[in-house]
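**Student:** Line by line, the protein sequences give chains B and R.
Counting with the numbering used here, you get residues 9 to 212 for the letters of the first sequence.
Counting with the numbering used here, you get residues 9 to 212 for the letters of the second sequence.
Note that CB positions come from ideal geometry on N, CA and C, so glycine has one too.
2 protein chains.
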Amino acid sequence: MDQRTATTRLLDAAEELFYARGVQAVGMDEIRAASGVSLKRLYQCFPSKEQLVVGYLRRRDERWRDSLARSVTTRARGAEQVLAVFDWLHEWFSEPGFHGCAFLNSFGELGATSPAVAAAVRDHKAEVQRYLTTLLTDTDEPRTDRKASERKALAEPKAAAEREALAEQLNVLAEGAITTAAITGTPAPARHARAAAEALLAHR
Amino acid sequence: MDQRTATTRLLDAAEELFYARGVQAVGMDEIRAASGVSLKRLYQCFPSKEQLVVGYLRRRDERWRDSLARSVTTRARGAEQVLAVFDWLHEWFSEPGFHGCAFLNSFGELGATSPAVAAAVRDHKAEVQRYLTTLLTDTDEPRTDRKASERKALAEPKAAAEREALAEQLNVLAEGAITTAAITGTPAPARHARAAAEALLAHR
DNA sequence: TAACCTAGAGAACGCACGTTCTCCACGCCA
DNA sequence: TGGCGTGGAGAACGTGCGTTCTCTAGGTTA
Chain B
9 MDQRTATTRL
19 LDAAEELFYA
29 RGVQAVGMDE
39 IRAASGVSLK
49 RLYQCFPSKE
59 QLVVGYLRRR
69 DERWRDSLAR
79 SVTTRARGAE
89 QVLAVFDWLH
99 EWFSEPGFHG
109 CAFLNSFGEL
119 GATSPAVAAA
129 VRDHKAEVQR
139 YLTTLLTDTD
149 EPRTDRKASE
159 RKALAEPKAA
169 AEREALAEQL
179 NVLAEGAITT
189 AAITGTPAPA
199 RHARAAAEAL
209 LAHR
Chain R
9 MDQRTATTRL
19 LDAAEELFYA
29 RGVQAVGMDE
39 IRAASGVSLK
49 RLYQCFPSKE
59 QLVVGYLRRR
69 DERWRDSLAR
79 SVTTRARGAE
89 QVLAVFDWLH
99 EWFSEPGFHG
109 CAFLNSFGEL
119 GATSPAVAAA
129 VRDHKAEVQR
139 YLTTLLTDTD
149 EPRTDRKASE
159 RKALAEPKAA
169 AEREALAEQL
179 NVLAEGAITT
189 AAITGTPAPA
199 RHARAAAEAL
209 LAHR
C-alpha cells in the first residue's frame, strides 16, 4: 500500500474512531486495525499520535465547512443564507452518530496539554467566524462579487463593524447550539438558535 | 485528620488541579500531594477517580450557580437581571485562571466513557436552564413570590411557553459565550452575547 | 505494661498504551 | 539464481497511572 492511500485510510479510521469515542479512548493499535495500515507505515505517515490528531482535525475542518457551505448555497439566497446555517446544524444534530463538535471535544481532551491541537481548534473556529461574516457581507451585497463587497466594506467602516458584531453574535449562537445539542442529545437547540438569529436579523 | 476535612481538602485540590490542567492530566498521586491526605484515606472518601471527578463537578456546580445568583441579585433588579448574567460571565472570563466551562471540559474528556460524569454535566446545564427561566419569570412578576408566579404561569400557558423559549435562547447564548471565550482566550464573547440578549429582550 | 486498632507513607502491582524493534516474506536487479 | 532492500506482522519495551498492599509508628484500653 502506498503512502497516499495509507494516509487517507488512516485519517478515515481516525475520524470515525476519534469522533465516536474520543481521542484518548482510542489507541494507535485500534487505528491500525481499523485502517488496515501497518504500525510501521502509520508512524511513517504520522510520527506521533498528536500529529495524527491534528491531521484528523484539519481534514474534518475542511469537510465540515465544505458541507456547510454547500448546503447553504444550494438551499438559500440572500439574507436567508444565514438562517440556512442553523437548518444545516439541525440536520447535523439529528444524525445518528452526532457527538458534538469534534473540535470542542478534542480541545477539552487535549487543548490544555497540546498546543498543536489547540491551534487547530482555534483555526477552525476562526474560519467559521470568517464564513459567517462573509455570509452577512454577501447578504448586504447580493449582486456583487467578493472583491466589490470588500471595496464597499472599506468605504463604509461603520456598516462593516456592525456586520462583524452581528457575525460574532451569530457565531456565539451557533457555538452554543452545538454544545447544548451535544449535552442534551436533542437537535432542538438549533431551532432555538435559529429563532434568536431571526430576531437579531429582523431588528438590527 | 478526620473524614470530613479530608473530603474538603480533596475536593479543593481536585478542583484546582482538574480545572487548571484537565482530569486526565492529573494523577491521583498529585491529588494526594496537593491535599495532604494519605492515599488510603483518599480511597476511603472516593473509592475511585471517577467518583472524585463527580464529587468535584457537583460541588463546583453548587458554587458556580451560587456565585452567579449572588452576583445577579445584588447587582440588578427586574429585567436587568438577565443581562447581569452576561456581565457576570464577562468577569468570570476575565479572571486569570479561566479555562472554560469545567463541565464541558470534563464532558469532552470523559463524557463518552463515564455515564456518571455525563449525568453530572447534564444536571448542571439543566439547573442553569432552570435558573434562566426563573429569572424571566421573576422579571415578569417582580412583586410576587415564586408560588404566585407559578400560579400565574399555569393560568397563562402561552406566556410561560414564550418565556421558556426565550430562556432556551439565552441559554444557548450563554453556552456559546463560554465556549467561544475558552477557545479564543478573550472575554469579548460575553459582550456579544449580552448585546444579543438585549436585542432579544427588547424585541420579543 | 502489653495487646490492639488506626492511620500514614510509600512501595508494589497490573494494566494500558505510545513507540520501537525484530523477524520474515516477497519482489527486484546483477 | 542469489543477494538485497522494502514492507508487514506482531512482539517487546518503557512509562504512567489507578489501585492495592505492606510496614511502621503512635495512641488507646484492660
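CB Ala14 (chain R) to CB Arg49 (chain R), shorter than 7 Å?
**Tutor:** Yes, the Cβ-Cβ distance between Ala14 (chain R) and Arg49 (chain R) is below 7 Å.
**Student:** Could you confirm whether any beta carbon from chain R is found closer than 7 Å to the beta carbon of Ile191 (chain B)?
**Tutor:** Judged by the 7 Å Cβ criterion, Ile191 (chain B) is in contact with chain R.
**Student:** For Gly184 (chain B) and Val129 (chain R), which I take to be in contact (beta-carbon distance under 8 Å), what is that distance rounded to the nearest angstrom?
**Tutor:** With a Cβ gap of about 15 Å, Gly184 (chain B) and Val129 (chain R) do not count as contacting.
**Student:** Can you find a heavy atom of the ligand SAH that lies under 6 Å from the Cβ of Glu170 (chain R)?
**Tutor:** Absent from the structure shown: the ligand SAH. Ligands present: none.
**Student:** Tell me whether Thr82 (chain B) sits in a helix, a strand or coil according to DSSP, three-state version.
**Tutor:** Three-state result, Thr82 (chain B): helix.
**Student:** Taking buried to mean at least 16 other C-beta atoms within 10 Å of its own C-beta, is Arg171 (chain R) buried or exposed?
**Tutor:** Under this definition Arg171 (chain R) is a buried residue.
**Student:** According to a CB-to-CB cut-off of less than 9 Å, which residues of the stretch 90–122 of chain R neighbour chain B?
**Tutor:** Listed by position, the residues of the stretch 90–122 of chain R near chain B (Cβ gap below 9 Å) are His107, Gly108, Cys109, Phe111, Leu112, Asn113, Ser114, Phe115, Gly116, Glu117, Leu118, Gly119, Ala120, Thr121.
**Student:** For Gly63 (chain R), which residues from the same chain have a beta carbon less than 7 Å from its beta carbon, with the 5 sequence-adjacent residues on both sides left out?
**Tutor:** Here the set comprises Leu19, Phe54.
**Student:** Spell out a yes or no on whether the stretch 74–88 of chain B and the stretch 21–40 of chain B are touching, meaning 3 or more CB-CB pairs, one atom from each, closer than 8 Å.
**Tutor:** With the cut-off at 8 Å, the stretch 74–88 of chain B and the stretch 21–40 of chain B do not touch.
**Student:** Check whether the Cβ atoms of Leu76 (chain R) and Trp96 (chain R) sit closer than 7 Å, and answer yes or no.
**Tutor:** Yes, the Cβ-Cβ distance between Leu76 (chain R) and Trp96 (chain R) is below 7 Å.
**Student:** Hey, Thr187 (chain B) and Thr187 (chain R) are a contact pair by Cβ (cut 8 Å); roughly how many whole angstroms apart?
**Tutor:** Indeed they touch by this definition, with Cβ atoms about 5 Å apart.
**Student:** Would you tell me roughly how many angstroms separate the C-alpha atoms of Glu70 (chain R) and Asn113 (chain B), rounded to the nearest one?
**Tutor:** Each residue's alpha carbon lies about 24 Å from the other.
**Student:** Assign Glu149 (chain B) to one of three DSSP states: helix, strand, or coil.
**Tutor:** Any reading at Glu149 (chain B) is ruled out, since the residue's pLDDT is 49, under 50, leaving its predicted position unreliable.
**Student:** If you compare alpha carbons, which of B:Glu206, B:Arg212, B:Arg199 is closest to Ser6 (chain B)?
**Tutor:** This structure gives no information on residue 6 (chain B), because the portion of chain B shown stretches from 9 to 212.
**Student:** Skipping 5 residues on each side, what residues in its chain have a beta carbon closer than 7 Å to that of Ala205 (chain B)?
**Tutor:** Once the five neighbours on either side are set aside, the close Cβ partners of Ala205 (chain B) are Val90, Leu91, Phe94, Leu178, Leu181.
**Student:** Would you say Glu117 (chain R) and Glu135 (chain B) are within 7 Å of each other, going by their C-beta atoms?
**Tutor:** No, they are not a contact pair.
**Student:** Mapping DSSP to helix, strand and coil, what is Thr16 (chain B)?
**Tutor:** Reduced to three states, the DSSP call for Thr16 (chain B) is helix.
**Student:** Can you pull out the residues from the stretch 16–41 of chain R whose beta carbon lies closer than 9 Å to at least one beta carbon of chain B?
**Tutor:** Those residues of the stretch 16–41 of chain R that come within reach of chain B (Cβ to Cβ, closer than 9 Å) are Ala28, Arg29, Gly30, Gln32, Ala33.
**Student:** Under the three-state reduction of DSSP, which class applies to Phe54 (chain B): helix, strand or coil?
**Tutor:** Looking at Phe54 (chain B) - three-state DSSP - the assignment turns out to be coil, as it is neither helix nor strand.
**Student:** Could you tell me the alpha carbon to alpha carbon distance between Gly213 (chain B) and Asp10 (chain B), rounded to whole angstroms?
**Tutor:** This structure cannot speak to residue 213 (chain B), because chain B is shown only from 9 to 212.
**Student:** Under the three-state reduction of DSSP, which class applies to Ala128 (chain B): helix, strand or coil?
**Tutor:** Here Ala128 (chain B) sits in helix by DSSP.
**Student:** Out of R:Val80, R:Arg12, R:Ala169, R:Gln32, which one is the CA nearest neighbour of Lys57 (chain R)?
**Tutor:** Nearest option by C-alpha distance: R:Gln32.
**Student:** Give a yes or no on whether 7 Å exceeds the smallest Cβ distance from Val136 (chain B) to chain R.
**Tutor:** It does not: the Cβ of Val136 (chain B) has no partner Cβ on chain R nearer than 7 Å.
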